[in-house]
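Reading through the structure tokens given below for one structure.
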Amino acid sequence: MKDSRRFQIFFLAIIFFLPLALPLQAIYRPFDINRPGARAHGAGGTGVSNIDSIGTLGMNPAYLADISNASVALGLDAQTRIQRVQTEFYVAPQFIPVLAWGSPLGNDGGVGLMINSPMQRLFPDSEYILYNVEAAYAHSITRSLNVGVTAGAAVGIQAQIYYATAFSWSISALYHHEQFNFGLLFRPGVTLEYNPYTSGSNVTERTPDFFKFGVSRWFGKVQVALEFEQVSWSSSSFQENGVDVAPRFEPGFLGGINPHLGFSFPIPRFPGLQFRTGVYTADFYDFAGRNDRQILWTLGLGGLAGEDFWGERLRIDFSLVSSYIPSLFWKEANQIERLQMTFEFLY
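Just so you know, the sequence shown maps onto residues 259 to 605 in our numbering.
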């Protein structure tokens with residue numbers, strides 16, 4: 259009887275202490291695609307074909323060949339989740355989505371520097387952000403066609419403590435026509451090595467390839483942009499000590515191609531102000547690869563600030579990307595509201 263009881267105690271002790279003796283296992287950490295720049299974000303998360311701001315430089319660096327004045331842009335970002343209608347609504351800036359500078363170079367080129375976040379998940383179930391710190395150059399191949407390249411470093415930050423770096427680059431093009439503009443951007447994934455990761459183990463992560471293209475056109479005073487975005491989640495991985503723990507990702511809309519539709523037009527009674535709105539779809543994965551496909555509505559407003567004082571040099575833009583409003587008819591909506599604010603100064 260005593261031997262049986264001793265065996266039971268020994269067996270329970272093994273069950274209790276064995277997990278403590280084994281190394282902590284990493285699990286996949288999800289993230290979202292980020293689109294810095296309030297001007298383009300307010301117009302349906304576009305920006306590759308209708309770019310008109312250094313604050314959106316990360317969406318199409320080929321724009322640098324079009325600028326005639328040097329400028330600098332700074333962005334702020336805040337997010338919150340609305341699970342019920344509240345009488346008080348407050349959000350505070352949580353991170354800087356973009357810091358960019360650009361200057362013309364001769365008559366047919368431009369150079370720039372940018373720090374922007376193409377991927378992040380700071381809310382609601384993770385604490386991760388990826389920054390690209392890159393130099394950019396654009397050149398006009400013809401009067402209508404610009405090409406742009408960027409190169410630098412990608413910096414992954416997990417829980418504000420664990421860092422990893424890798425080489426990053428992108429290539430883009432912007433074509434101007436009398437009737438329309440066409441743009442495209444390709445940004446390959448980067449391989450980041452965390453040594454150690456939050457689990458204490460070595461983790462190697464590869465982010466997905468990103469490709470975006472689209473067209474924009476003016477209809478009177480209204481600019482309409484239709485763009486398509488593909489994120490190759492199948493090309494990503496998340497390896498702990500050589501073992502890939504990335505889940506099998508559920509499919510998204512249209513085989514993983516997310517359309518973006520944006521509108522922008524001036525407000526007649528307020529010269530210099532632009533109103534923007536739009537809609538787009540996006541993937542929202544959890545740690546198990548489950549995809550809550552998002553339908554997002556956007557709203558934007560911006561223009562010149564203090565025209566008499568600044569001399570038409572300071573632009574301030576606001577944007578709202580809403581999942582709560584679509585949640586009234588789309589059950590997969592995560593009800594996250596995202597606000598961006600971008601300051602751009604031309605000198």
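Every residue gets a Cβ at the ideal spot worked out from N, C-alpha and C, and that includes glycine.
Classify residue i: buried if its beta carbon has 16 or more other beta carbons within 10 angstroms, exposed otherwise.
| i | result |
| --- | --- |
| F275 | Residue placement at F275 cannot be trusted, given a pLDDT of 43 that sits under 50; the coordinates are not used to answer. |
| A279 | With a pLDDT of only 41 at A279, under the threshold of 50, the placement of this residue in the model should not be trusted; the figure read from the coordinates follows. Exposed, because fewer than 16 other Cβ atoms sit within 10 Å of the Cβ of A279. |
| E498 | buried |
| E590 | exposed |
| Y605 | exposed |
| S577 | buried |
| F587 | exposed |
| E346 | Because E346 sits at a pLDDT of 48, beneath the cut-off of 50, its placement in the model cannot be relied upon, and the following sentence gives the value as read from the coordinates. It is exposed - the Cβ of E346 has fewer than 16 other Cβ atoms within 10 Å. |
| P355 | buried |
| K479 | exposed |
| E570 | exposed |
| N365 | exposed |
| F650 | There is simply no residue 650 to check, as the chain begins at 259 and stops at 605 in what is shown. |
| S493 | exposed |
| L282 | Unreliable placement is indicated for L282, whose pLDDT of 48 sits below 50; no coordinate value is reported for it. |
| W378 | The question names Trp, but residue 378 is Gln in the sequence shown. So Q378 ends up on the buried side. |
| D383 | exposed |
| R339 | exposed |
| P376 | buried |
| F496 | buried |
| R256 | Residue 256 is absent from the model: the chain starts at 259 and stops at 605. |
| F477 | exposed |
| A323 | buried |
| E602 | buried |
| F528 | exposed |
| T408 | buried |
My assumption, with CB atoms under 8 angstroms, is that residue i sits in contact with residue j. Please give the rounded CB distance.
| i | j | result |
| --- | --- | --- |
| M372 | A394 | 6 angstroms |
| G367 | A328 | Not really, about 13 angstroms apart at Cβ, beyond 8 angstroms. |
| F353 | I387 | 6 angstroms |
| Y543 | L554 | About 15 angstroms separates the two Cβ atoms, so there is no contact after all. |
| T314 | G536 | Not really, about 14 angstroms apart at Cβ, beyond 8 angstroms. |
| A296 | Q598 | 4 angstroms |
| G547 | P509 | No, G547 and P509 are not in contact; Cβ-Cβ is about 10 angstroms, not under 8 angstroms. |
| S426 | A412 | 4 angstroms |
Residue i bridges to which residues according to DSSP?
| i | result |
| --- | --- |
| L557 | T535, L578 |
| H518 | E485, Y538 |
| S490 | D467 |
| H397 | G367, V405 |
| M317 | Partner(s): none; M317 has no beta bridge. |
| L443 | S430, K470 |
| D502 | Q497 |
| R475 | V482 |
| S361 | V369 |
Could you say which of the options lies nearest to residue i if we only look at CA atoms?
| i | options | result |
| --- | --- | --- |
| T415 | L442, F528, E451, A358 | Position check: residue 415 holds Ile in this sequence, whereas Thr was assumed. Cα-wise, what sits closest to I415 is E451. |
| P362 | G370, V356, P355 | G370 |
| I574 | S494, R339, L531 | L531 |
| V501 | V461, S522, T456, V579 | V461 |
| G447 | R527, N390, P509 | N390 |
| L380 | P526, P505, E595 | E595 |
| Y433 | V473, W427, R445 | V473 |
| I309 | S581, S495, S522, L597 | S522 |
| L357 | E392, T338, Q337 | E392 |
| H435 | T408, K470, R475 | R475 |
| G410 | F289, N374, Q418, T456 | N374 |
| V306 | L334, F469, A331 | F469 |
| L442 | Q593, S457, L484 | L484 |
| E385 | Y286, I525, F533, Q593 | Y286 |
| P606 | N439, F440, A417 | This structure leaves residue 606 out entirely; the chain is present only between 259 and 605. |
| A540 | S580, L332, Q437, R534 | S580 |
Practice task
Assess, as a yes-or-no matter, whether the region 463 to 480 is touched by the region 395 to 406 under the definition of 3 or more beta carbon pairs within less than 8 angstroms.
Solution key: no
Problem - Meets three-Cβ-pair contact criterion under 8 angstroms: the region 297 to 304 and the region 549 to 564 - result: yes
Handout entry: Cβ contact check for the region 326 to 340 and the region 414 to 433: 3 or more pairs under 8 angstroms
Key = no
Practice task
Indicate whether the contact test is met: 3 or more Cβ pairs, each with one atom in the region 546 to 553 and one in the region 313 to 323, closer than 8 angstroms.
Solution key: Verdict: no, contact absent.
Exercise for the section: Indicate whether the contact test is met: 3 or more Cβ pairs, each with one atom in the region 513 to 522 and one in the region 481 to 496, closer than 8 angstroms. Expected result: A contact exists between the region 513 to 522 and the region 481 to 496.
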